[in-house]
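The next block holds one structure in the form of structure tokens; read it before the comments.
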Amino acid sequence: MSSSIWNDATASRRAVLQGIAVVAVVGFTGIRFGVTEAFAAVNDKYPEDAFKQKSEADAIKSLYGKTAEKSDKVKLDAPEIAENGAVVPVSVSSSLPDVTSIAILVTENPNTLAAAYRILPGTAASVSNRLKMAKTSNVIAVVEAGGKLYSATKEVKVTVGGCGGSNKE
Amino acid sequence: MASTIRVRATASGDSTEVQALIQHPMDSGFVKNAKGELIPPHYIQQVTIEHGGKPVFVADWGPAVSKDPYLKFAFKGGKKGDDLKVSWTDNKGASDTLTAKIQ
Numbered sequence: 070m071s072s073s074i075w076n077d078a079t080a081s082r083r084a085v086l087q088g089i090a091v092v093a094v095v096g097f098t099g100i101r102f103g104v105t106e107a108f109a110a111v112n113d114k115y116p117e118d119a120f121k122q123k124s125e126a127d128a129i130k131s132l133y134g135k136t137a138e139k140s141d142k143v144k145l146d147a148p149e150i151a152e153n154g155a156v157v158p159v160s161v162s163s164s165l166p167d168v169t170s171i172a173i174l175v176t177e178n179p180n181t182l183a184a185a186y187r188i189l190p191g192t193a194a195s196v197s198n199r200l201k202m203a204k205t206s207n208v209i210a211v212v213e214a215g216g217k218l219y220s221a222t223k224e225v226k227v228t229v230g231g232c233g234g235s236n237k238e
Numbered sequence: 002m003a004s005t006i007r008v009r010a011t012a013s014g015d016s017t018e019v020q021a022l023i024q025h026p027m028d029s030g031f032v033k034n035a036k037g038e039l040i041p042p043h044y045i046q047q048v049t050i051e052h053g054g055k056p057v058f059v060a061d062w063g064p065a066v067s068k069d070p071y072l073k074f075a076f077k078g079g080k081k082g083d084d085l086k087v088s089w090t091d092n093k094g095a096s097d098t099l100t101a102k103i104q
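In structure tokens, the structure reads:
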């Protein structure tokens, strides 16, 4: 009898230790990989390369593997003059059917691609965000719809120094 | 600690409008500090918004997104009282998650 209790005790202790070991391993890998892997499982990976491209053509190619054509069905809303280049409100929407992705590029920034959005089924083809702009630049909105790329461009003037007025007409 | 994420999701009819505000420095890696040293890049790379366990919207961000980023979009199928899960990860591996109720 006493031996069986002893065995039970060691068995349960071993189980506890194994449990701790498993938790530790899962915990660490969870921190290292779990988060990114979980995202990768439901979605595509973060497009690291596309965000490193210096020109808008390279960024679009890296992100989508094709080129965009101009379309008046892509609506790009950005100010004519941005007094503060650190916070430029930009909205993109489209009346095209089957929109799967929206990307926003700022051509004069060190890396042109600013943001890329995946529009999943049931989600409206419209997004608003705030971007940083190094200087006066073209802002390009790219919309992927039905497997094709469409774009719209608008120039946004950034007044230097953030004090406003100096470059205003 | 208070969450870095603030969300307002409002259902009207079939559509749910989501506005999210995240507290994050979004350092681009091009800006110098007072001593003239470059501040290393530190920015959110991905934001995922899930409804009913399924992602409805995924944002991939570069360092050109403004500090304390703001996001607005709308999706179909959400109802008042539903859970909406917002999570982000940055280039240093940090992350945060918040579950909000649709109003």
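For the protein sequence lines, the chains are A and B, in the order given.
Using my numbering, read the first sequence as starting at 70 and increasing by one per residue.
Using my numbering, read the second sequence as starting at 2 and increasing by one per residue.
Beta carbons are placed, not taken as given, at the ideal position from N, Cα and C, and that holds for glycine.
Going by alpha carbons, who is nearest to K135 of chain A out of A:D127, A:D141, A:K142? Nearest of A:D127, A:D141, A:K142 to K135 of chain A, Cα basis: A:D127.
Identify, in the order they occur along the chain, each residue of the same chain with its Cβ nearer than 8 Å to the Cβ of K77 of chain B, setting aside the five sequence neighbours on each side. D15, S16, T17
What residues in the segment 32 to 65 of chain B have a beta carbon less than 7 Å from any beta carbon of chain A? Q46, Q47, T49, P56, V57, F58, V59, A60, D61, W62, G63, A65
Should V184 of chain A and A10 of chain B be called a contact, given that it needs their Cβ atoms to be closer than 8 Å? Here residue 184 of chain A turns out to be Ala, not Val, going by the sequence shown. Taking 8 Å as the Cβ cut-off, A184 of chain A and A10 of chain B do not qualify as a contacting pair.
Does the beta-carbon of Q35 of chain B have 16 or more other beta-carbons within 10 angstroms, so that it is buried, or is it exposed? Sequence inspection shows Ala at residue 35 of chain B; the Gln mentioned does not correspond to that position. Per the 10 Å Cβ criterion, exposed.
Any beta-carbon of chain B closer than 8 Å to the one on P148 of chain A? no
Would you tell me roughly how many angstroms separate the C-alpha atoms of V161 of chain A and K139 of chain A, rounded to the nearest one? 14 Å
Option in A:E125, A:V143, A:D118, A:A203 with minimal Cα separation from S220 of chain A: A:V143
Give the straight-line distance between the Cα atoms of T49 of chain B and T90 of chain B, rounded to the nearest whole angstrom. Straight-line Cα distance between these residues: approximately 9 Å.
Please confirm if L72 of chain B has its CB atom under 8 Å from at least one CB of chain A. yes
In three-state DSSP terms, what is K93 of chain B? coil
Among the residues of its own chain, which have a CB less than 7 Å from the CB of F74 of chain B, if the five just before and after it don't count? So the qualifying residues of the chain are V19, F58.
Near-chain B residues of the segment 189 to 213 of chain A - C-beta to any C-beta below 9 Å: L189, P190, G191, T192, A193, S195, V196, S197, N198, R199, L200, K201, M202, A203
Within 10 angstroms of the Cβ of K204 of chain A, are there 16 or more other Cβ atoms? Answer buried if so, exposed if not. exposed
Contact under 8 Å by Cβ, G94 of chain B with L182 of chain A: no
From this set, A:I209, A:K223, A:E213, A:I129, which residue's C-alpha is nearest L189 of chain A's C-alpha? When A:I209, A:K223, A:E213, A:I129 are compared, the shortest CA-CA separation from L189 of chain A is found for A:E213.
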